[in-house]
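Undergrad: Sequential numbering from 2 applies to the sequence shown in this note's numbering. Note that beta-carbon positions come from the ideal geometry of N, C-alpha and C, so glycine has one too. The model shown is predicted, which means the values in this text are computed figures rather than measured ones.
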Amino acid sequence: MPDREKPNQRLLSLFREQSCWMIEPLAAEMKYSVPSVRRFLAEVGYFSSFTHNGSWYTLHSIPRFDGDGLWFFRDIGFSRAGSLTRTLIDLAARSPAGMTAEELGEKLRVRCHSVLVQLCRTGKLQRQKMARSHVYFSVDPPIATAQRRVMADRSLPVQLPAEIAVLILVEVIQHPDASFKDLAKAISRKTRVAINTRQIQRLFDQYGLKKTIPVRVLPPGKP
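Laid out in structure tokens, this is it:
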């Protein structure tokens, strides 16, 4: 055991001097073979980078991960999830509304479009076309459903244009029994602008309006 402790102590000392090492320079500094140094790293506990093809190493005790489980040392990125593929899956699955390749690339500081496409092909992620980008979601059905719902809500305009809002309110006055779906269809037909029932619901909430269920009044004497 003493012989095994010496290289491990040397390893810890080197990482105190330098937070990240590539395996060959580390092995040369320790005067051990690369397989031996990999074994020492496994005994101490380490992370390999998700950037630079995983060629950089740091010890478990060194990174101070942010809320996304990421830590950067200069341009070297490490993830609590591990590799780039695992990190992409983790980030996309934990995002409330999914993430685009551009958003993921900006967060990870790497280009990741080709990796994301491969993850979709192998069933590790799923995606949906949104404007000019694809949004990547979890493959877990309940999580993906919730993500798509949030994405749909976020994609709606925060507030309808004033002229559209006026048309909706006029339509409500003229057709008080119309459902939100009927109102959306009527306004979309008149304006040739796609209107969603959620937008109309927001308009009602904005003005404190309530959609009442019509009550049919029967003539006297009829059941």
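Taking buried to mean at least 16 other C-beta atoms within 10 Å of its own C-beta, is Q175 buried or exposed?
TA: Position 174 of the sequence shown, counted from the start, is the residue given in the question as residue 175. It is exposed - the Cβ of Q175 has fewer than 16 other Cβ atoms within 10 Å.
Undergrad: The beta strand (DSSP E) with F181 in it runs from where to where?
TA: Your numbering for residue 181 matches position 180 in the sequence shown. It is not in any beta strand (DSSP E) - F181 instead sits in the alpha helix (DSSP H) that spans F181 to T192.
Undergrad: Drop a sphere of 10 angstroms on the beta-carbon of L219, count the other beta-carbons inside from all chains shown, and report buried for 16 or more, exposed for fewer.
TA: Walking along the sequence shown from the start, residue 219 turns up at place 218. Residue confidence for L219 is low, a pLDDT of 45 falling below 50, so the modelled location carries little weight; the figure read from the coordinates is stated next. Exposed: under 16 other Cβ atoms inside 10 Å.
Undergrad: Pick helix, strand or coil for G124, following the three-state DSSP scheme.
TA: On the sequence shown, position 123 is the one that residue 124 refers to. Reduced to three states, the DSSP call for G124 is coil.
Undergrad: Give me the residue from L109, L204, V140 and V118 with the minimum Cα distance to S134.
TA: To locate residue 134, count along the sequence shown from 1; it is residue 133. The candidate whose alpha carbon is nearest that of S134 is V118.
Undergrad: Do you know how far the Cα of I77 is from the Cα of V140?
TA: Looking up residue 140 in the sequence shown gives position 139. Looking up residue 77 in the sequence shown gives position 76. Rounded to the nearest angstrom, the two C-alpha atoms are 29 Å apart.
Undergrad: In whole angstroms, what is the alpha-carbon distance linking Q10 and G83?
TA: One-based indexing of the sequence shown puts residue 10 at position 9. One-based indexing of the sequence shown puts residue 83 at position 82. Each residue's Cα considered, the two are about 25 Å apart.
Undergrad: Name the DSSP bridge partner or partners of H135?
TA: Position 134 of the sequence shown, counted from the first residue, corresponds to residue 135. BP columns for H135 point to K130.
Undergrad: In whole angstroms, give me the CA-to-CA distance for L27 and T86.
TA: Residue numbering aside, residue 27 sits at position 26 when the sequence shown is read from its first letter. Residue numbering aside, residue 86 sits at position 85 when the sequence shown is read from its first letter. Cα to Cα, L27 sits roughly 26 Å from T86.
Undergrad: Per DSSP, what kind of secondary structure is F73 in: helix, strand or coil?
TA: The residue given as residue 73 occupies position 72 in the sequence shown. Looking at F73 - three-state DSSP - the assignment turns out to be strand.
Undergrad: Return the CA-CA distance between P97 and W57, expressed in angstroms with no decimal places.
TA: Working through the sequence shown from its first residue, we reach residue 97 at position 96. Working through the sequence shown from its first residue, we reach residue 57 at position 56. If I take the Cα positions, the gap works out to 31 Å.
Undergrad: Considering only residues of the same chain and omitting the five flanking positions on each side of Q19, which have a CB-CB separation below 7 Å?
TA: Translated into positions along the sequence shown, residue 19 becomes position 18. Counting only Cβ-Cβ distances below 7 Å, and skipping sequence neighbours, we find nothing.
Undergrad: What residue range does the beta strand (DSSP E) around S37 cover?
TA: Your numbering for residue 37 matches position 36 in the sequence shown. No beta strand (DSSP E) contains S37, which is instead part of the alpha helix (DSSP H) from V35 to V45.
Undergrad: Suppose you measure from the CA of A43 to the CA of R150; what does that come to, to the nearest Å?
TA: Within the sequence shown, the letter at position 42 stands for residue 43. Within the sequence shown, the letter at position 149 stands for residue 150. Their backbone Cα atoms lie some 42 Å apart in a straight line.
Undergrad: Measure the alpha-carbon distance for S34 versus M23 and round it to whole angstroms.
TA: Looking up residue 34 in the sequence shown gives position 33. Looking up residue 23 in the sequence shown gives position 22. Roughly 13 Å between the two C-alpha positions.
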